[in-house]
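Asks:
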Amino acid sequence: MTSDAGHEARYRAIAADLAAKIRSGRYAPGEALPPQRELSASYGVTLMTLRQALRELSDERLIVQRPGRGTFVAPPHLAYQLDSLRSLADDLREQGHDVRTAVAGRAVRRAPARIAAELRLRPGDTALRLERVREFAGRPAVHQVSWVRRPVADRIRERDFTAVSLYTALADAGVTVSRAAEVVRPGLLDAAAARHLHEPQGSPVLVSSRITYALDATPVVSDHATILGSMMEIRTERAATGLSLTWGATS
Numbered sequence: 001m002t003s004d005a006g007h008e009a010r011y012r013a014i015a016a017d018l019a020a021k022i023r024s025g026r027y028a029p030g031e032a033l034p035p036q037r038e039l040s041a042s043y044g045v046t047l048m049t050l051r052q053a054l055r056e057l058s059d060e061r062l063i064v065q066r067p068g069r070g071t072f073v074a075p076p077h078l079a080y081q082l083d084s085l086r087s088l089a090d091d092l093r094e095q096g097h098d099v100r101t102a103v104a105g106r107a108v109r110r111a112p113a114r115i116a117a118e119l120r121l122r123p124g125d126t127a128l129r130l131e132r133v134r135e136f137a138g139r140p141a142v143h144q145v146s147w148v149r150r151p152v153a154d155r156i157r158e159r160d161f162t163a164v165s166l167y168t169a170l171a172d173a174g175v176t177v178s179r180a181a182e183v184v185r186p187g188l189l190d191a192a193a194a195r196h197l198h199e200p201q202g203s204p205v206l207v208s209s210r211i212t213y214a215l216d217a218t219p220v221v222s223d224h225a226t227i228l229g230s231m232m233e234i235r236t237e238r239a240a241t242g243l244s245l246t247w248g249a250t251s
């Protein structure tokens with residue numbers, strides 16, 4: 001193992017250990033972690049290595065670093081909750097919408113550089129590419145491409161994804177999903193998705209990018225969904241104590 005690889009293994013192991021302690025309740029929401037010098041000494045690493053581990057936990061929204069005050073476990077509203085983490089199709093069905101799924105393709109392929117980085121794969125590693133089209137209100141509305149990390153992918157690749165959600169397949173395969181990081185942004189329909197959604201290239205869309213993590217903080221799925229802006233919208237209800245988000249048909 002090279003020194004760089006050994007360094008990466010050390011800080012990822014520290015991040016995983018601290019994440020496990022946070023999720024088990026050893027460190028409660030809002031509680032301060034021990035000072036960095038104390039943590040680095042207890043793990044037998046340099047401050048630089050410890051800070052890389054903390055940066056990873058911060059990126060995953062498990063901790064909040066407050067300059068001059070210390071490092072704190074993130075409060076509950078900053079983390080995804082297990083009982084609210086669902087697939088897009090499950091979200092729509094939960095809200096009473098009729099959703100149909102067609103599988104446009106599935107194959108184990110070499111992961112592109114962006115996907116490999118998101119799933120923390122080595123250059124040249126393969127993953128399952130699952131392509132689906134969601135039909136909503138009687139017509140294609142969502143084009144979704146999911147990349148699933150191996151060996152998890154090998155246990156689910158033959159499932160009937162027209163009837164079973166990806167999250168259900170993961171659960172059946174023994175994978176416990178803890179959280180997901182998602183970004184939704186406006187965009188324009190590209191040529192590949194336009195063929196599946198039967199809309200002109202350049203039409204307004206919403207683009208959802210989501211990375212789903214297992215309990216040990218390993219990224220297991222990278223999702224990219226293109227959603228017709230003419231078909232769906234995001235609705236929110238804001239209150240002093242939090243925010244709820246739902247998908248709905250455009251009026």
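Mapping to the UniProt record's numbering: the sequence shown position 165 is 165, numbers consecutive. Note that CB positions come from ideal geometry on N, CA and C, so glycine has one too. A quick note: this is a predicted structure, and the numbers were derived from the prediction, not measured.
#1: If you draw a straight line from the C-alpha of glycine 25 to the C-alpha of tryptophan 147, how long is it?
#2: For leucine 119, collect the residues of the same chain with a Cβ closer than 7 Å to its Cβ; drop the 5 residues on either side in sequence, then sort them by chain order.
#3: Do leucine 57 and leucine 39 have their C-beta atoms within less than 8 Å of each other?
#4: Is the CB-CB distance between proline 204 and leucine 215 below 8 Å?
#5: Suppose the cutoff is 7 Å on Cβ atoms and the five residues either side in sequence are ignored; what does the same chain contact list for glutamate 199 look like?
#6: Would you kindly check if the distance between the Cβ of glutamine 144 and the Cβ of alanine 225 is under 8 Å?
#7: Since residue 252 is in the alpha helix (DSSP H), which residue starts that stretch and which ends it?
#8: Specify, as a first and last residue, the run of the alpha helix (DSSP H) that arginine 195 falls within.
#9: What are the boundary residues of the alpha helix (DSSP H) that arginine 55 is part of?
#10: Measuring only the C-alpha atoms, how far is alanine 41 from arginine 179?
#11: So what's tyrosine 27 in DSSP terms, helix, strand or just coil?
#12: Out of Gly174, Tyr167, Ala217, Leu130, state which residue places its alpha-carbon closest to the alpha-carbon of arginine 106.
Replies: Straight from the coordinates:
#1: 31 Å
#2: Ala111, Ala127, Trp147, Arg149, Pro219, Ser222
#3: no
#4: no
#5: Leu189, Leu228
#6: yes
#7: No answer is possible for residue 252: the residues shown for the chain start at 1 and end at 251.
#8: 191 to 197
#9: 47 to 59
#10: 30 Å
#11: coil
#12: Leu130
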